[in-house]
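Student: In this note's numbering, the protein residues as written are 124 to 302. Just so it is clear, CB atoms sit at the ideal spot from N, CA and C, and this is done for glycine as well.
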């Protein structure tokens with residue numbers, strides 16, 4: 124592996140993991156906003172601020188993750204693979220899920236910016252796609268993440284999935300609290 128490819132490989136891993144963490148925090152705080160599950164952490168306003176900040180933070184991290192993979196000659200991922208999922212000759216499922224994740228989270232982010240211009244029901248439906256996108260991201264990480272064999276990364280990934288499932292269950296069981 125050439126030195127530049129090693130640099131891009133490490134850069135892709137670091138940005139992919141930190142993007143995952145930002146998205147996880149965004150989903151956890153977003154799901155908790157109307158459940159009172161995280162009220163012990165701070166006010167609804169502070170939890171919303173964390174949600175909105177991390178909802179934006181993943182974007183540059185995700186862009187760097189994708190750019191580093193494109194620049195890593197060992198990865199053999201082309202720009203077309205960012206548009207058409209499941210066409211990479213190796214890790215087809217994992218990388219294809221990453222492509223679907225990217226587009227789904229991008230749709231959620233763009234509609235988040237356009238929230239005031241969209242009908243509430245449409246915005247809510249699209250915003251709820253973030254749960255699907257996180258499921259795709261989780262599978263992308265488990266199936267394709269070379270760092271997943273690291274116990275810390277594995278524990279973080281599974282803990283986040285468990286936390287999100289718990290908060291989602293709380294929201295389903297107790298319903299949506301008033302804003």
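Exposed or buried, which one is residue 278 when buried takes at least 16 other CB atoms within 10 Å?
Tutor: Sequence index remark: in the chain shown, residue 278 carries index 155 (1-based). Counting Cβ neighbours within 10 Å, residue 278 comes out exposed, since fewer than 16 surround it.
Student: Cα-Cα, which of 149, 160, 190, 167 is closest to residue 130?
Tutor: Here the question's residue 130 lines up with position 7 in the chain shown. The candidate whose alpha carbon is nearest that of residue 130 is 190.
Student: Measuring alpha carbon to alpha carbon, tell me which residue in 152, 246, 174, 200 is nearest residue 221.
Tutor: Taking the first residue of the chain shown as position 1, residue 221 is located at position 98. Residue 221 has its Cα closest to that of 200, out of 152, 246, 174, 200.
Student: Could you check the C-alpha separation between residue 210 and residue 186 for me, to the nearest Å?
Tutor: In the chain shown, counting from the first residue as 1, residue 210 sits at position 87. In the chain shown, counting from the first residue as 1, residue 186 sits at position 63. In a straight line, the C-alpha of residue 210 is about 20 Å away from that of residue 186.
Student: Look up residue 195 in the DSSP assignment and say whether it is helix, strand or coil.
Tutor: Position 72 of the chain shown, counting from 1, holds the residue named residue 195. Residue state, collapsed to three classes: coil.
Student: Where does residue 294 sit, in a helix, a strand or coil, going by DSSP?
Tutor: The residue labelled residue 294 in the question sits at position 171 within the chain shown. Reduced to three states, the DSSP call for residue 294 is helix.
Student: Tell me whether residue 176 sits in a helix, a strand or coil according to DSSP, three-state version.
Tutor: Sequence index remark: in the chain shown, residue 176 carries index 53 (1-based). It is helical.
Student: Less than 8 Å separating the beta-carbons of residue 290 and residue 178?
Tutor: Looking up residue 290 in the chain shown gives position 167. Looking up residue 178 in the chain shown gives position 55. Cβ distance not < 8 Å, so residue 290 and residue 178 don't count as in contact.
Student: Anyone know if the C-beta pair for residue 294 and residue 152 falls short of 8 Å?
Tutor: Translated into positions along the chain shown, residue 294 becomes position 171. Translated into positions along the chain shown, residue 152 becomes position 29. Not a contact, by the Cβ cut-off of 8 Å.
Student: In this structure, how does DSSP classify residue 210 when only helix, strand and coil are distinguished?
Tutor: Stepping through the chain shown from its first residue, residue 210 is reached at position 87. If DSSP states are grouped into helix, strand and coil, residue 210 belongs with coil.
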